[in-house]
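Worksheet for the structure shown next.
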Amino acid sequence: MTPAPSPTPAVTWTDRLAPRRWLGPVTLLGPAGVWLLVLLVLPTLLILEISLVPGLRLGQPSGGYGLGNYLQILQPVYLRVIGRSVAFAVGSTALCLLLGFPVAYWLALMSPQRWRNLLLVAFILPLWTSSLLRAYAWTTILRPSGVLNAMLAAIGLPAQNWLNTPTAVFIGLTYSFLPYMVLILYASLEKLDTRLLEAAADLGATPRQSFWKITVPQTLPGIAAASLLVFISTLSDFVVPTLLGGASSMNISRLIYNQFLGPTRAWGFGSALSMVLILAVSLAIALLIRYGDRNTITEA
Amino acid sequence: MPSRPVTWPSLFTALMYAFMYFPIIVLGAYSFSDSRYSASWGGFSLRWYRALFSDRRLLAALQDSLVIAIVAVAISAVLGTLMAIGLARHRFPGKGLYRGMSYLPLIIPDIAIAVATLVFLASVAVPLSLGTIIAAHMVFCLAYIAVVVSSRIQRLDPNLEEAALDLGATHTQAMLKVLLPQLAPGILAGCLLAFVLSMDDLLISSFTAGGGANPLPIEIFSRVRTGVKPDINALSVMLILGSALLAGLAEYVRYWGDRQRQKI
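These protein sequence lines are chains E and A, in that order.
Read in the working numbering, the first sequence has 390 at position 205, and its numbers run on one by one without any break.
Read in the working numbering, the second sequence has 333 at position 240, and its numbers run on one by one without any break.
In structure tokens form, the structure reads like this:
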């Protein structure tokens with residue numbers, strides 16, 4: 186399409202400053218593309234390379250290439266760390282789904298129409314605050330002299346040590362990622378065709394039947410998308426396991442952190458762990474693209 | 094309004110709202126307690142707020158964080174918007190690959206981005222500083238801004254730009270006077286999101302800070318690791334109020350964007 190020549194060619198300073206070719210694809214896509222290439226793609230390739238140098242440590246001459254760093258991950262002590270990360274992720278994703286679905290269902294289909302937007306915003310409002318401080322808030326609740334034990338004592342139950350246990354990690358992760366779950370499920374449930382539910386009711390279906398035969402199948406792509414997103418985020422979370430889980434809750438992000446900023450300084454091993462994490466997340470994303478509802482995520 | 098029967102989903106939802114706000118309320122309450130220990134209430138006091146405002150280290154950390162977030166978001170707003178427009182308006186070989194690359198910062202876990210950036214900066218011998226944190230934050234800031242702006246471009250009417258061109262506007266004029274005003278709510282929403290993510294980032298900052306800078310999340314992390322710090326409670330309340338303000342602003346921007354679309 187060519188623009189028709191205008192009767193009075195209006196040439197302003199912006200045209201003189203920025204001729205048409207300046208707004209071509211190179212100007213538009215170049216700067217961001219270069220930035221991402223140099224500061225993300227290249228660095229990722231670099232850690233792929235050093236992950237293939239066994240025993241690489243900061244400031245030491247390196248030997249040849251090999252798979253030593255990846256074989257090291259197969260040692261039982263590190264496999265336990267990976268297993269624990271997966272367990273944290275699966276458990277807290279299941280909890281988020283279990284707790285989040287009724288909330289999203291109520292918000293999308295049962296809440297008063299007038300207040301619906303406001304209610305949704307109120308639920309996800311905690312996302313706007315620092316994740317670090319939200320995890321810290323739970324330490325004041327769960328510590329031995331904390332609020333939870335004080336509440337338990339008030340109703341005559343024995344105090345327990347909650348902090349630095351896997352339970353604390355599950356509570357913290359569920360708390361942190363529940364708003365994401367609700368947001369995506371809401372976007373999916375909002376699109377549900379309620380006439381289907383009415384038709385089912387007219388045809389004699391009980392609410393339970395229409396829930397399992399209509400609502401759940403219709404929102405399955407949204408459920409898959411939300412669950413995978415929460416799974417990916419919880420799998421690699423660092424703040425919650427560190428602040429709430431203590432020494433017994435070492436997960437993959439904390440292990441990687443220690444290889445670089447901790448005492449070990451084993452960069453090669455840390456890079457291999459990072460590559461495994463990237464691979465795991467890419468697999469989950471591939472599943473999401475295959476089975477999930479991408480539109481729901483973009484809308485959310 | 095007819096009275097609604099109280100059903101179990103509404104009861105359960107109320108319980109979940111309580112769950113979401115319980116920790117925030119606890120923090121807020123204890124920030125006014127005179128006691129150093131969280132188990133007991135020591136009477137109303139503003140001593141932690143006084144401690145907070147005279148804590149130079151914490152205020153300097155807040156300043157570092159604000160500088161990082163504002164500079165990174167400002168540059169990313171330009172780069173991210175250009176990228177979103179470029180992806181929407183141009184076809185070129187390798188576009189799929191480029192688009193995939195633009196999603197990488199959203200997909201790759203923070204810890205892996207942090208590690209990769211550190212290794213890269215070490216290999217090219219760039220000293221770590223405030224500047225390296227900004228450079229690293231720009232990676233995810235521009236990606237998030239581009240995603241938000243892209244979703245807005247997709248819902249725009251392309252005929253408006255074509256009409257402007259037909260009426261004799263140059264490409265530059267069409268972009269500055271027709272496209273950009275329509276994108277403004279999207280750009281602003283993306284900036285707010287990127288700002289919050291930048292202020293919240295612990296891992297990427299930790300790996301790219303060196304000794305040269307000490308943004309707020311690093312300072313908070315090093316303090317709360319070692320137990321309860323009542324002045325951090327007071328800080329939390331201040332930051333939560335700030336976030337609530339930002340969230341309100343974001344909602345307003347969304348409302349503005351929706352209204353603008355309806356007008357067109």
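For glycine and all other residues, C-beta sits at the position ideal for the given N, C-alpha and C.
is_contact[residue i, chain A] using C-beta, thresh 8 Å
i: S361/E; result: no
i: P311/E; result: yes
i: I258/E; result: no
i: R380/E; result: no
i: S373/E; result: no
i: D200/E; result: Bear in mind that the predicted position of D200/E carries a pLDDT of just 46, short of 50, making it unreliable; the figure below should be weighed with that in mind. Yes, its Cβ sits closer than 8 Å to a Cβ of chain A.
i: P426/E; result: no
i: S315/E; result: yes
i: A471/E; result: no
i: M186/E; result: Bear in mind that the predicted position of M186/E carries a pLDDT of just 43, short of 50, making it too unreliable to give a figure here.
i: Y365/E; result: no
i: G249/E; result: no
i: A274/E; result: no
i: Y263/E; result: no
i: P228/E; result: yes
i: S421/E; result: yes
i: A189/E; result: Low per-residue confidence applies at A189/E: pLDDT is 48, beneath 50, and the placement is therefore not dependable, though the value from the model is reported in the following sentence. A189/E counts as touching chain A.
i: R475/E; result: no
C-beta neighbour in chain E for residue i, strict 8 Å
i: Y345/A; result: no
i: P95/A; result: Model confidence at P95/A stands at a pLDDT of 45, short of 50, so the residue's coordinates are unreliable; what they give is reported in the following sentence. Closer than 8 Å: no.
i: P202/A; result: yes
i: T301/A; result: no
i: T38/A; result: Any property of residue 38/A remains undetermined from this structure, which presents chain A solely from 94 to 357.
i: A337/A; result: yes
i: L290/A; result: no
Nearest residue (CA-CA) to residue i, options the options
i: E344/A; options: I309/E, W220/E, I437/E, V226/E; result: I309/E
i: S434/E; options: Q257/E, N349/E, Q298/E, S316/E; result: N349/E
i: K398/E; options: L381/E, L252/E, L414/E; result: L381/E
i: T352/E; options: G253/E, G249/E, L464/E, G430/E; result: G430/E
i: M231/A; options: V346/A, F314/A, I163/A; result: I163/A
i: A409/E; options: T278/E, T324/E, L264/E, T325/E; result: T278/E
i: V223/E; options: A165/A, F115/A, M194/A, A302/A; result: M194/A
i: V166/A; options: Y196/A, G187/A, A229/A, R192/A; result: A229/A
i: S158/A; options: G350/A, G305/A, R352/A, V171/A; result: G305/A
i: V346/A; options: L108/A, V289/A, A282/A, F213/A; result: A282/A
i: L221/A; options: G303/A, V212/A, A340/A; result: G303/A
i: D422/E; options: G215/E, N334/E, L462/E; result: L462/E
i: L152/A; options: L328/A, L334/A, A267/A, A337/A; result: L328/A
Cβ-based neighbour list, residue i, same chain, cut-off 6 Å, excluding 5 preceding and 5 following
i: S103/A; result: none
i: Y255/E; result: A457
i: F233/A; result: P198
i: T359/E; result: S277, L280, C281
i: F137/A; result: F125
i: L446/E; result: none
Assumed close pair residue i, residue j - CB separation to whole angstroms, cut-off 8 Å
i: L286/A; j: Y237/A; result: 5 Å
i: V271/E; j: L420/E; result: 7 Å
i: R140/A; j: D148/A; result: About 12 Å separates the two Cβ atoms, so there is no contact after all.
i: W347/E; j: L327/E; result: 4 Å
i: A289/E; j: Y371/E; result: 4 Å
i: F273/E; j: N436/E; result: 6 Å
i: T404/E; j: S373/E; result: 5 Å
i: V208/A; j: I441/E; result: 6 Å
i: G173/A; j: A217/E; result: 6 Å
i: G179/A; j: G279/A; result: So it is not a contact: roughly 15 Å between Cβ atoms.
i: I206/A; j: I297/A; result: 6 Å
Cβ neighbours of residue i in the same chain (closer than 7 Å, five flanking residues each side left out)
i: S316/E; result: S361, V424
i: A111/A; result: none
i: V119/A; result: none
Segment limits, alpha helix (DSSP H) that includes residue i
i: P239/E; result: Run containing P239/E: none; DSSP gives neither H nor E here.
i: S195/A; result: 188-200
i: H183/A; result: H183/A -> no alpha helix (DSSP H), and no H or E assigned at all.
i: F416/E; result: 401-420
i: M295/E; result: Taken as a continuous stretch (DSSP letters only), M295/E belongs to no alpha helix (DSSP H), as it is neither H nor E.
i: D378/E; result: Note, D378/E: premise wrong, no alpha helix (DSSP H); not H, not E.
i: A320/E; result: 316-327
i: D293/A; result: 273-293
i: T427/E; result: 424-430
i: M268/A; result: Run containing M268/A: none; DSSP gives neither H nor E here.
i: S277/E; result: 261-290
i: F233/A; result: 223-247
Interface flag, residue i vs chain C, CB-CB below 8 Å
i: P210/E; result: Judged by its chain identifiers, the structure shown contains no chain C, and its protein chains are E and A.
beta-carbon residue i near the ligand FAD non-hydrogen atom, thresh 7 Å
i: S243/A; result: Only the bare structure without any ligand can be found here, which leaves the ligand FAD out of the picture.
Same chain only: Cβ atoms within 8 Å of residue i, ignoring 5 sequence neighbours per side
i: T199/E; result: Below a pLDDT of 50, predicted positions are generally treated as unreliable, and T199/E, at 48, falls in that range; no measurement from the model is reported.
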